[in-house]
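Presented below is the structure to which this report refers.
Protein chains in written order, with the numbering used here: chain A, 1 to 204; chain B, 1001 to 1099.
So this is what it looks like as structure tokens:
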């Protein structure tokens, strides 16, 4: 078997003679013409991070993944992760799962209230952690996933091109006020569709 | 709209790492996490798309391949380029520009 040359950067168009003195245009023509009869893609190695998955903005999700350019990688975690005590260290300030007393040079922080973040009076006096722990169907399921998504956004696990915190708050407020979220004109997501979408941003 | 009127663009060049290897092209797509081995013709088409500053029609891609074409070949190339672009679309290497 002939030895393979080292891989190299894609060359710009060049008219220099080949090392063996043959016409480079002729060589290239033969190579490219050979492509007419062969498969364009000879081999593909698929490699996707175990703890990451492709995700999209809500409107991109509606369009059925029609645009590959809008695909991003999300590495968010589910409500199950964020509500565990061993995950509290992953919460990003200013949000806090519990009251934290002043330690050293760090100031104290109170557990963050759901309504303080998302507005309204959906869960009076309930903290983000309380809402994560709430069981049940709508609206508790949507609230749980909204909190997890908020923490994922803060932790940089969801690209801002996919979902921003203001957009997430808008989603919640639309849902809690009118019972659905409209990701794009004429499309209405109920609680199960919202949860299904948010789950695409949290593979673990 | 006819297939030849569709304009194509590659994903961002920043997401693609390309190396020529024995006349074939190895391309790593950071967006999909996949690595592809392209034949010479597909590799050249991808190179034209990546270097282009805007979307390209199939006719423009064919013009970019002019150094390798003869008039006798012309009728064979358009379906070949269409097949390559279709495969690029499936693999997430390129997409048709929204109309």
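Beta carbons are placed, not taken as given, at the ideal position from N, Cα and C, and that holds for glycine.
Chain B within 9 angstroms of residue i, Cβ atoms only
i, result
"residue 69 of chain A", "In this prediction, residue 69 of chain A scores a pLDDT of 48, lower than 50, which makes its location untrustworthy; no coordinate-derived value is stated."
"residue 162 of chain A", "no"
"residue 185 of chain A", "no"
"residue 206 of chain A", "Any answer about residue 206 of chain A is impossible in this case: the structure gives chain A only from 1 up to 204."
"residue 84 of chain A", "no"
"residue 54 of chain A", "yes"
"residue 73 of chain A", "yes"
"residue 203 of chain A", "no"
Closest by C-alpha distance to residue i, when choosing among the options
i, options, result
"residue 201 of chain A", "A:174, A:187, A:148 and A:176", "A:148"
"residue 1078 of chain B", "B:1050, B:1014 and B:1064", "B:1064"
"residue 99 of chain A", "A:113, A:87 and A:90", "A:113"
"residue 110 of chain A", "A:181, A:129 and A:44", "A:129"
"residue 85 of chain A", "A:97, A:75 and A:74", "A:97"
"residue 43 of chain A", "B:1095, B:1087 and B:1096", "B:1087"
"residue 73 of chain A", "A:55, A:62 and A:177", "A:55"
"residue 1066 of chain B", "A:121, A:30 and A:80", "A:30"
"residue 165 of chain A", "A:204, A:101, A:192 and A:119", "A:119"
"residue 143 of chain A", "A:158, A:155, A:161 and A:170", "A:170"
"residue 1016 of chain B", "B:1096, B:1091 and B:1097", "B:1091"
"residue 135 of chain A", "A:117, A:79 and A:193", "A:79"
Contact check, residue i vs residue j, beta carbons under 9 angstroms
i, j, result
"residue 1010 of chain B", "residue 1052 of chain B", "yes"
"residue 132 of chain A", "residue 82 of chain A", "yes"
"residue 90 of chain A", "residue 77 of chain A", "yes"
"residue 1029 of chain B", "residue 1038 of chain B", "no"
"residue 1036 of chain B", "residue 45 of chain A", "yes"
"residue 1026 of chain B", "residue 1093 of chain B", "no"
"residue 145 of chain A", "residue 195 of chain A", "yes"
"residue 1084 of chain B", "residue 183 of chain A", "no"
"residue 197 of chain A", "residue 58 of chain A", "yes"
"residue 1043 of chain B", "residue 1060 of chain B", "no"
"residue 199 of chain A", "residue 1040 of chain B", "no"
"residue 1056 of chain B", "residue 1049 of chain B", "yes"
Residues that residue i contacts on chain B, provided the C-beta gap is smaller than 8 angstroms
i, result
"residue 159 of chain A", "The premise fails here: residue 159 of chain A is roughly 12 angstroms from chain B at the closest Cβ pair, so nothing lies under 8 angstroms."
Beta-carbon neighbours of residue i, restricted to chain B and to distances below 7 angstroms
i, result
"residue 40 of chain A", "1038, 1039, 1041, 1042, 1083, 1084 and 1087"
Residues that residue i contacts on chain B, provided the C-beta gap is smaller than 9 angstroms
i, result
"residue 44 of chain A", "1034, 1035, 1036, 1037 and 1091"
Residues that residue i contacts on chain A, provided the C-beta gap is smaller than 8 angstroms
i, result
"residue 1024 of chain B", "42"
"residue 1065 of chain B", "32"
Interface flag, residue i vs chain A, CB-CB below 9 angstroms
i, result
"residue 1031 of chain B", "yes"
"residue 1006 of chain B", "no"
"residue 1080 of chain B", "yes"
Can you list the alpha helix (DSSP H) stretches of 4 or more residues lying completely in the segment 1027 to 1078 of chain B, in chain order? Runs of the alpha helix (DSSP H) inside the segment 1027 to 1078 of chain B: 1040 to 1051 and 1058 to 1064.
Which residue spans inside the segment 100 to 157 of chain A form an unbroken beta strand (DSSP E) run of at least 3? The segment 100 to 157 of chain A contains no whole beta strand (DSSP E) run of 3 or more residues.
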